[in-house]
Every structure is written in C-alpha cells, then in structure tokens.
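Asks: My questions all concern the structure below.
2 protein chains.
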Amino acid sequence: MVTIQEQIVDPTACCTLDISGAEQERMVAMFKALGNPTRFEIMKYLVTHPACITGDIVEFLPIAQATVSQHLKVLREAGWITGVTEGPATCYGLHKENIAWFKDKVGEIF
Amino acid sequence: MVTIQEQIVDPTACCTLDISGAEQERMVAMFKALGNPTRFEIMKYLVTHPACITGDIVEFLPIAQATVSQHLKVLREAGWITGVTEGPATCYGLHKENIAWFKDKVGEIF
DNA sequence: TATTCGTATCGTAAAAATATGATAAAGGAA
DNA sequence: TTCCTTTATCATATTTTTACGATACGAATA
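Residue numbers (my numbering), protein chains in the order written: chain A, 127 to 236; chain B, 127 to 236.
So, in structure tokens, the structure goes:
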C-alpha cells in the first residue's frame, strides 16, 4: 500500500535533506547565523575561552562593542551560544545541547 | 618544548572548531548560502529531482525566474550544486564531493 | 546617594541581500 | 534565416544586514 508519507528516494543521492517544518527553520537559522566570518570567529574564541564576558570578545575583535553585542545576540537567538548575566557583565559560552543537535542533524540529513 | 602550533584545548569543550584560512572561508560561505529558506528548499528539491533544469525549479517555487537563477548562482558559487549547460537549458544537481566534504568537516570540528 | 563598570539597545548610515520585469544570448526547430 | 525556448544577466527597488557612536540600564562600589 502506498501512503502519502512515502517518498521516492534516489539510492544514488548523496544526501536526503530529510527535514521539514520547525526543525528545518531551526536548521536554516543556525546556518545563517554561522554564515558570517565575524560570528564564526566568535564561536572559535568561545571554544578556547569558555565562560568569557562580552568585553573579552570586544578586546579580541577589531570591531566596536555595539557590533559585537549585536553578533552575540544573533548567535544566541540562533541557539549557538548561551548568555548568562553575572553581576554587571554577561557570561557567554557555547550551547552544547544545540551544537550537538546540529552536528547530529547534519550527520543524518547529509 | 612548546611550539607556536600548540593550543590549550578544553577537554570539556563540546567542539573544537579546529579550522582556519581557506577552509574556514569555504565553510562560512557554505553556511551562508544554505542559511536562506528558499535555497534550502532548492537543495531539497534537487535531492528528489536529480538532474533537473532551471525551469523545473521555477515551476516548483513561487518566485520569479530571475530570482531562482540568482539563488542557483549563489548555491553553485558556494559549491553546493553543479550546473551543466545542456542545449538551451542548464542541468543542475547536487555537488556530491563538496557536500561530502562539508559533512565530514562538520563531523570533525563540532 | 553618587559614581563607575559592563553591556544592551537606540538611532542611523552604509553595504549587501533579495526580488522583480525587461532584456540579451545561445541552442534548437520551423 | 526566422522563430521559439530556456536561462543568465541587467537595471532597479525594497528589505535586511552590518557597523558605529551615543545613550540607557542594572549591578557593584565609593
């Protein structure tokens, strides 16, 4: 019996991209956020500097504080990083669960 | 002996993001290209419709032909797809080698 | 309370992305 | 050759992104 759920899949295809709806939107948003050189650098910085504050990243990058803050917001909203208020500062770190989800999904659909 | 190549790596870190230079640029470009809902849909379409032409994708998507052509150009320049002239048309397909590279790299660095 | 520190947000300007209709160019058919 | 088909590119408008200085706000300090 053929149901609406079935799909004809090319056995020679190099990937399935079997994702849709909210998961696809989440995926696209994560792709978009990391598709920027500065934000990729911020992610790399967080690997070697876990639990750092905004000022550390501002020192590291050659751009204005306001711009760094904006990039951090984009990364946080896409789920790549976490930001926790610690007194007057904000402590940033990699969002392990979401990163693991992304890695797993890429492994699944590509 | 400590050399310039050595890096202090946090063993609890969830990823290494150990990539740089041209490979990092290539990675960011691929992220950027797929960080768009329409282009992601085009990629999904190509999975189920290997070796299709521009007109097929134009029929499938609710956007103008010129816009589809631009999106195809972005995907091609980022390395996600191939485009081969076949008579008056252009035959598009997934770029298997580059997709495999992307998948492998994501598995390595995340 | 007044001040300083750290950072997010506001207002704005410039650059890039997205979208469209019109056009051009190239291949095949009449 | 002339016409039709197909698609890329052009010119352009709109939206979004990126960047900055200025400002506001909360937390800690004097």
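Note that the Cβ used here is the ideal one computed from N, Cα and C, for glycine as well.
Flag this pair as yes or no: are the beta carbons of Ile179(A) and Thr216(A) separated by less than 8 Å?
Replies: As a first step, residue 179(A) is located in the first sequence; it is residue number 53 there, counting from the start. As a first step, residue 216(A) is located in the first sequence; it is residue number 90 there, counting from the start. The answer is yes: Cβ separation under 8 Å.
Asks: With DSSP collapsed to three states, give me the class of Thr193(A).
Replies: Along the first sequence, one-based indexing puts residue 193(A) at 67. In the structure shown, Thr193(A) sits in a helix (DSSP, three-state: H, G or I).
Asks: Taking a cut of 9 Å between CB atoms, which residues from the region 189 to 205 of chain A lie near chain B?
Replies: none
Asks: Please identify, using Cβ separations under 8 Å, the residues of the region 157 to 180 of chain A that lie next to chain B, in order along the chain.
Replies: Phe157, Lys158, Ala159, Leu160, Gly161, Asn162, Pro163, Phe166, Met169, Lys170, Val173, Thr174 and Pro176
Asks: Taking Cβ-Cβ distances shorter than 8 Å, what residues in chain A pair up with Val154(B)?
Replies: Position 28 of the second sequence holds residue 154(B). Correct list: Leu160, Gly161, Asn162, Pro163 and Phe166.
Asks: I want to verify the contact list: residues of chain B whose CB lies under 9 Å from the CB of Phe207(A), in sequence order.
Replies: Mapped onto the first sequence, residue 207(A) falls at position 81. Note that residue 207(A) is Ile in the sequence shown, not Phe. Near Ile207(A) there are no residues of chain B at all, since even the closest Cβ is about 11 Å away, more than 9 Å.
Asks: Going by alpha carbons, who is nearest to Gly147(A) out of Glu167(B), Lys229(B) and Leu220(B)?
Replies: Taking the first sequence and counting its residues from 1, one reaches residue 147(A) at position 21. Closest by alpha carbon: Glu167(B).
Asks: Using a cut-off of 8 Å between C-beta atoms, extract the partners of Val210(A) located in chain B.
Replies: Start at 1 with the first residue of the first sequence, and residue 210(A) comes out as number 84. The contact set of Val210(A) on chain B, defined by CB atoms closer than 8 Å, is empty, because the minimum CB distance reaches about 16 Å.
Asks: In chain A, which residues lie with their C-beta within 9 Å of the C-beta of Gly233(B)?
Replies: Position 107 of the second sequence holds residue 233(B). Correct list: Lys229, Val232 and Gly233.
Asks: Should Gly161(A) be labelled buried (16 or more other beta-carbon atoms within 10 Å of its own) or exposed?
Replies: On the first sequence, residue 161(A) is found 35 positions in, with the first residue counted as 1. So Gly161(A) counts as buried.
Asks: Measuring CB to CB, does Cys140(A) end up less than 8 Å from Ile235(A)?
Replies: Taking the first sequence and counting its residues from 1, the one referred to as residue 140(A) is at position 14. Taking the first sequence and counting its residues from 1, the one referred to as residue 235(A) is at position 109. Cβ distance not < 8 Å, so Cys140(A) and Ile235(A) don't count as in contact.
Asks: If we define contact as Cβ-Cβ less than 8 Å, is Leu220(B) a contact residue for chain A?
Replies: Numbered from 1 along the second sequence, position 94 holds the residue referred to as residue 220(B). At least one chain A Cβ lies under 8 Å of Leu220(B).
Asks: Output needed for Val210(B): all residues of its chain with C-beta closer than 6 Å, excluding positions within five of it in sequence on either side, in chain order.
Replies: As a working note, residue 210(B) is residue 84 in the second sequence. Same-chain partners within the cutoff: Cys217.
Asks: Determine, using beta carbons only, whether Gly205(A) and Met156(A) come nearer to each other than 8 Å.
Replies: For the purposes of this step, residue 205(A) is taken as residue 79 along the first sequence, with counting starting at 1. For the purposes of this step, residue 156(A) is taken as residue 30 along the first sequence, with counting starting at 1. Yes, the Cβ-Cβ distance between Gly205(A) and Met156(A) is below 8 Å.
Asks: So with Cβ pairs under 8 Å, would you call Ala226(A) a contact of chain B?
Replies: By 1-based counting over the first sequence, the position of residue 226(A) is 100. Output row for Ala226(A): interface = yes.
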